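A.B. asks: Numbering-wise, the sequence shown is residues 1 to 376 according to full-length UniProt numbering. Cβ coordinates follow ideal geometry from the N, Cα and C atoms, glycine included. All values derive from a computational prediction rather than experimental measurement.
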Amino acid sequence: MTATNKKLEKGKKLKNKEKKIKAKKVRKVEISGKISKKEKNVVPPTNSNENTSMQISSNIDYNSLQKTFMLATNKKLEKAKKLKKEQKIKGKKIRKVEISGKIPEKGTNVVPSTSSNENTNMQISSGIDYNSLQILRYRISEKFNSERHLFLKKDPTNHCSLIIANIPPYITLVTLGRILAELGSGRPDETIAQRGTAANDKITEGFYTASARLKSEDAVEQALLNCEKIPFLCLSSMDVELTHNGAAKLCDEYRKSFKTVTELQENVDSYMKKHDAKILEEKQKAKKMANVPDEDGWITVTKSHYKPVPRAIVVKNKEDLLKLSKKKKRVEESIAFYSFQLKQSKLKHLEELRRKFAEDKKKLAIAKAARKFRPT
């Protein structure tokens, strides 16, 4: 039984291979339209879902079929070329209308667009929508040639002004005016920065949005139209000065934080002049107030001569001054300078201690005698 099963399986595999080969040959015939001498009697497989199937017999004139097929393809190609030419001609006519503002009598597809704010607003059917967002492509230089975008749109509140978004911090309002002049709209009368993306609302630290007021509505439309015509603008060719940003900006700020030798010397000299002037004023005030009584009769006496603001001792009468001088003398006398003076001072100190000790003993004896109880 195993041998018979193996033979049956081999037969099934061979049949499946033959079916696949026939199907491939039929597909080649359908794609190319040509049949070789060996493949003339090939019949495509019939599907169960289709009612009619394609069968190729040996009686068909294959040369005539090939010619008709080639003619049909050539006609289609010619029609496609004609359509492309017509589209190019229409595009040129529409551009002329947009630039001049005049409508020719024949062969134009101009449609007036009705808006809520304007009664008449000429809009070209195959042109741009002036109320939509337009993209202006630009590059910084040939070295930094990655494509960047500015988004332009007509201001709905004022038809003579443009709203420009996605402005980087290295493009200032002055350079923005030059870019608009390159678009053919002329320099704007006024450019105002509206809002930015920085956390502290600084325009120089993030991307921002600006509003540019042009001379007329035609200038606005001309700028929006040239956004699509111009492939990209190169800022370096326009002689635009770009502000530093990123790592270059941080390096400049770090370098500027250090002062030069001349600047440091000037700062030090100015500070020392002010300091010397203050000290002179304080000394003059102290001299004027020396030995001069106040409203209450108090006299300030200074101790030191080198301090700018000396410590003051308040004295009311001359007797207090004499007491202070006597105290100073006593302190000076108590200080021992020679070795024998030190010995004498120590002996005096011991004698005083002994005398005080004897006096204390007498006082204690008197106190004890007074405490004793003596009954009569």
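Just to confirm before moving on: does the CB-CB distance between TYR130 and GLU190 stay below 7 Å?
C.D. replies: Against the sequence shown, residue 130 aligns to sequence position 130. Against the sequence shown, residue 190 aligns to sequence position 190. No, Cβ-Cβ distance for TYR130 and GLU190 is not below 7 Å.
A.B. asks: In whole angstroms, what is the alpha-carbon distance linking ILE21 and LYS76?
C.D. replies: In the sequence shown, counting from the first residue as 1, residue 21 sits at position 21. In the sequence shown, counting from the first residue as 1, residue 76 sits at position 76. If I take the Cα positions, the gap works out to 33 Å.
A.B. asks: Taking Cβ to Cβ, would you say LEU214 is nearer than 7 Å to CYS160?
C.D. replies: Residue mapping note: residue 214 aligns to position 214 of the sequence shown, counting from 1. Residue mapping note: residue 160 aligns to position 160 of the sequence shown, counting from 1. Going by C-beta atoms, LEU214 is nearer than 7 Å to CYS160.
A.B. asks: Using alpha carbons as the reference points, say which of VAL240, ILE140, GLY177 lies closest to SER211.
C.D. replies: The residue labelled residue 211 in the question sits at position 211 within the sequence shown. Nearest C-alpha to SER211: GLY177.
A.B. asks: By the DSSP assignment, the alpha helix (DSSP H) with ILE230 in it spans what residues?
C.D. replies: Translated into the one-based positions of the sequence shown, residue 230 becomes position 230. Premise fails: ILE230 is in no alpha helix (DSSP H) and is neither H nor E.
A.B. asks: Terminal residues of the continuous beta strand (DSSP E) containing ARG355?
C.D. replies: Here residue 355 refers to the residue found at position 355 when the sequence shown is read from its first residue. Unbroken run through ARG355 is the alpha helix (DSSP H), 339-371; no beta strand (DSSP E).
A.B. asks: Kindly indicate which residue of LEU150, THR157, PRO156, PHE337 has the alpha-carbon position closest to the one of ILE167.
C.D. replies: Here residue 167 refers to the residue found at position 167 of the sequence shown. Measuring from the Cα of ILE167, the nearest candidate turns out to be LEU150.
A.B. asks: Please report the Cβ distance between LEU71 and ILE140, rounded to the nearest whole angstrom; I am assuming they are in contact, meaning their Cβ atoms lie under 8 Å.
C.D. replies: Locating residue 71 in the sequence shown gives position 71, counting from the first residue. Locating residue 140 in the sequence shown gives position 140, counting from the first residue. Not confirmed; about 55 Å, so no contact.
A.B. asks: Report the rounded CA-to-CA distance for TRP298 versus ALA286, giving the unit in angstroms.
C.D. replies: Position 298 of the sequence shown, counting from 1, holds the residue named residue 298. Position 286 of the sequence shown, counting from 1, holds the residue named residue 286. Between TRP298 and ALA286, the C-alpha separation is close to 15 Å.
A.B. asks: Please classify SER270 as buried or exposed, where buried requires at least 16 neighbouring CB atoms within 10 angstroms.
C.D. replies: Stepping through the sequence shown from its first residue, residue 270 is reached at position 270. Answer is exposed; the Cβ neighbour count stays below 16.
A.B. asks: Grab me the residues of THR175's own chain with a C-beta within less than 6 Å of its C-beta, minus the 5 sequence neighbours each way, in chain order.
C.D. replies: Against the sequence shown, residue 175 aligns to sequence position 175. Excluding sequence neighbours, THR175 sits near VAL240.
A.B. asks: Label PRO188 either buried or exposed according to how many other C-beta atoms from any shown protein chain fall within 10 Å of its C-beta, with 16 as the threshold for buried.
C.D. replies: Residue mapping note: residue 188 aligns to position 188 of the sequence shown, counting from 1. Buried: at least 16 other Cβ atoms inside 10 Å.
A.B. asks: So what's ARG213 in DSSP terms, helix, strand or just coil?
C.D. replies: Here residue 213 corresponds to residue number 213 of the sequence shown, with the count starting at 1. Residue state, collapsed to three classes: strand.
A.B. asks: If we ignore side chains and look at the alpha-carbon of each, how far apart do LYS249 and PHE207 end up?
C.D. replies: Locating residue 249 in the sequence shown gives position 249, counting from the first residue. Locating residue 207 in the sequence shown gives position 207, counting from the first residue. Those two C-alpha atoms are separated by around 16 Å.
A.B. asks: Run through DSSP, which three-state label would VAL174 get?
C.D. replies: In the sequence shown, counting from the first residue as 1, residue 174 sits at position 174. The answer is helix: DSSP assigns VAL174 an H, G or I state.
A.B. asks: Would ALA358 be called buried (16 or more neighbouring beta carbons within 10 Å of its own) or exposed?
C.D. replies: Start at 1 with the first residue of the sequence shown, and residue 358 comes out as number 358. Exposed: under 16 other Cβ atoms inside 10 Å.
A.B. asks: Between the beta-carbon of LEU133 and the beta-carbon of CYS227, is there less than 7 Å?
C.D. replies: On the sequence shown, residue 133 is found 133 positions in, with the first residue counted as 1. On the sequence shown, residue 227 is found 227 positions in, with the first residue counted as 1. Taking 7 Å as the Cβ cut-off, LEU133 and CYS227 do not qualify as a contacting pair.
A.B. asks: Output needed for ASP155: all residues of its chain with C-beta closer than 7 Å, excluding positions within five of it in sequence on either side, in chain order.
C.D. replies: Translated into the one-based positions of the sequence shown, residue 155 becomes position 155. If we look at ASP155 and ignore the five residues flanking it on each side, its Cβ neighbours are SER161, LEU162, ILE163, SER211.
A.B. asks: Look at the alpha carbon of LYS153 and the alpha carbon of GLU266, and state the distance between them as a whole number of angstroms.
C.D. replies: For the purposes of this step, residue 153 is taken as the residue at position 153 of the sequence shown. For the purposes of this step, residue 266 is taken as the residue at position 266 of the sequence shown. Between LYS153 and GLU266, the C-alpha separation is close to 53 Å.
A.B. asks: Answer yes or no: do THR172 and GLN194 have a C-beta to C-beta separation smaller than 7 Å?
C.D. replies: The residue you call residue 172 lines up with position 172 of the sequence shown. The residue you call residue 194 lines up with position 194 of the sequence shown. It is not a contact, given that the beta carbons lie outside the stated cut-off.
A.B. asks: Would you kindly report the start and end of the unbroken beta strand (DSSP E) that includes GLU190?
C.D. replies: Numbered from its first residue, the sequence shown carries residue 190 at position 190. 190-196 is the span of the beta strand (DSSP E), which, as asked, contains GLU190.
A.B. asks: So what's LEU264 in DSSP terms, helix, strand or just coil?
C.D. replies: Taking the sequence shown and counting its residues from 1, one reaches residue 264 at position 264. DSSP places LEU264 in helix when its eight states are reduced to three.
A.B. asks: Buried or exposed for ILE179, going by 16 or more other Cβ atoms inside 10 Å?
C.D. replies: Counted from its first residue, the sequence shown places residue 179 at position 179. Buried, by the Cβ-count rule.
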